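Step one of this worksheet: look at the structure below.
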Ligand code: G3H
Ligand code: 13P
Ligand code: NA
Ligand code: ZN
C-alpha cells in the first residue's frame, strides 16, 4: 500500500530511520519488496530523474503498481529523488508519487527557499509532501556536481529559517556523507555535533541523510577479484544509523550499495559460468541477494520489525 512519508516519519521519529532505496528495473523492485517483507519494514521506493528516463517513467510506475498488487502487505512511499523543479511538477501532476524531493541546494539560500516554496505550494495542494536539501554533499549527483573541496555541511543556524519560510516537510542535511562509492577522502565519521545542533533548532522535524551507502569492503574485494576495478571505494559505517535516528534522521538514502550487489553477483556469475547467456538464472540470484541485502540494511536502520 502506498502511503505518504509523513505517516512513516511520524512513527519513526527519534526511534529508527526508514530506508529509501533507488530502483531502476523489475529485478530491483521485486528484490526490494521481498527484502522489506522479509524484515517486516516500511520503506521508501525512490526514483531518480535518470531512473525515470532509463526504461521510462510509465514503465516504472507500472512495475511498482504491479509490485503493490503482488505484495499486498508492503507499506511504502513513492518518492522522487533529487528532483529539479519541472520534474517535481511532473510527479505531482502524475498522482502516483506520494512525495518529491526538490534539490535546489546548489542555489543561494534565498533561491533555494524560493524554489522549494513554489514546489511545496504545488505539492501540498495535492496532498503530496516535499523533501528539500540545505547544504551540499560531496560527490556527484545527476544534475549537480560538487567537488569534495566544495562540500558544505548544513549550517544549523539557517535550518529553522529555511523550514519556516518554505513549509517543507523534511530536510536533507549535509553532515559528512557523500554520494557514490568513493566517499571520505578525509574524515570518516558523521558530524554528530552538527546533527545534534540541527535537531536542537527544529525538534521533531524529520531530517534526511543522503549518500549513506556503506560500501562494504568485502563486497568491493569480491568485485575486484572478479574483474572489477573499484580500488579505494569507501562508505559510511552503518552502525552509526541508529544514533543518527535518535537525533532526528528519519530517512536514509541508499543506492550505491545495491549497485554493488548487482555488480558482484553478475561479475562472479559470469566468471564462473562463461558458457551462460540466459539472463534469468542470474536475475533470480540477483533478486534473492538484493532482498537479503535490503533485509540486513533494515536491521541497521532499526526499521526491521516496524511493519
Ligand atoms: O543521488 C543519486 C542517486 O544515487 C540516483 O542516482 O541519478 O544515477 O539514478 P542516478
Ligand atoms: P549513495 O550513493 O551513498 O547510495 O546515496 C544515495 C542517495 O543519496 C540517493 O539520493
Ligand atoms: Na531524496
Ligand atoms: Zn541523494
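Numbering (our numbering), first residue to last: 991 to 1297. We put the CB at the ideal spot given by N, CA and C, even for glycine. Keep in mind that this is a model prediction, so the values were computed, not measured.
query, result
"For the beta strand (DSSP E) containing residue 1159, name the first residue and the last one.", "No beta strand (DSSP E) holds residue 1159; DSSP gives it neither H nor E."
"Identify which residue in 1205, 1240, 1228 has its Cα closest to the Cα of residue 1197.", "1240"
"Rounded to whole angstroms, how far is the Cβ of residue 1034 from the Cβ of residue 1001, which I believe are closer than 8 Å?", "The Cβ separation is near 13 Å, so there is no contact."
"Please confirm if the stretch 1257-1267 is in contact with the stretch 1197-1211, defined as three or more CB-CB distances below 8 Å between the two stretches.", "no"
"Is residue 1247 near residue 1203, with beta carbons less than 8 Å apart?", "yes"
"Alpha carbon to alpha carbon, how far is residue 1194 from residue 1297?", "21 Å"
"Round the Cβ separation of residue 1066 and residue 1032 to the nearest angstrom and send it over; I've been treating them as touching at under 8 Å.", "7 Å"
"List the endpoints of the continuous alpha helix (DSSP H) containing residue 1080.", "1075-1084"
"As an exercise, report each continuous beta strand (DSSP E) stretch of at least 3 residues that is fully enclosed by the stretch 1218-1248, in chain order.", "1239-1244"
"Report the start-end ranges of each alpha helix (DSSP H) in the stretch 1170-1215 that is 4 residues or longer and not cut off at the edges.", "1182-1191, 1207-1215"
"Assess, as a yes-or-no matter, whether the stretch 1283-1293 is touched by the stretch 1015-1034 under the definition of 3 or more beta carbon pairs within less than 8 Å.", "yes"
"Check whether the Cβ of residue 1202 sits closer than 7 Å to any heavy atom of ligand 2, and report yes or no.", "yes"
"Going by beta carbon distance, what residues of the same chain come within less than 7 Å of residue 1218, once the five residues before and after it are set aside?", "1253, 1257"
"Run through DSSP, which three-state label would residue 993 get?", "coil"
"Please classify residue 1042 as buried or exposed, where buried requires at least 16 other C-beta atoms within 10 Å of its C-beta.", "buried"
"Quick one: give me the first and last residue of the alpha helix (DSSP H) that residue 1121 is part of.", "Not the alpha helix (DSSP H): residue 1121 falls in the beta strand (DSSP E), residues 1119-1124."
"Would you say residue 1117 touches ligand 2, meaning its beta carbon is less than 7 Å from a heavy atom?", "no"
"Kindly indicate which residue of 1003, 1021, 996 has the alpha-carbon position closest to the one of residue 1273.", "1021"
"Work out the CA separation of residue 1145 and residue 1098 for me, nearest whole Å.", "13 Å"
"Compute every distance between the C-beta of residue 1245 and the non-hydrogen atoms of ligand 1, then say whether any falls below 7 Å.", "yes"
"Less than 8 Å between the beta carbons of residue 1119 and residue 996, yes or no?", "yes"
"Look up residue 1068 in the DSSP assignment and give the residues it is bridged to.", "1035"
"Note down the Cα distance separating residue 1073 from residue 1271, rounded to an integer number of angstroms.", "35 Å"
"How long is the line joining the alpha carbons of residue 1047 and residue 1087, rounded to whole angstroms?", "11 Å"
"What's the gap between the Cα of residue 994 and the Cα of residue 1114?", "12 Å"
"Is it the case that the CB of residue 1114 approaches a heavy atom of ligand 4 more closely than 7 Å?", "no"
"Suppose contacts are defined by Cβ-Cβ distances below 8 Å. Is residue 1143 in contact with residue 1170 by that definition?", "no"
"Where residue 1125 and residue 1079 are concerned, what is the direct C-alpha to C-alpha distance, given to the nearest angstrom?", "23 Å"
"So residue 1245 and residue 1290 are supposed to be a Cβ contact under 8 Å. How far apart are they, rounded?", "Residue 1245 to residue 1290, Cβ: 16 Å. No contact."
"Cα-Cα, which of 1009, 1121, 1085, 1116 is closest to residue 1102?", "1121"
"Taking the C-alpha atoms as reference points, what is the distance between residue 1266 and residue 1050?", "28 Å"
"Mapping the DSSP letters down to three states, classify residue 1142 as helix, strand or coil.", "strand"
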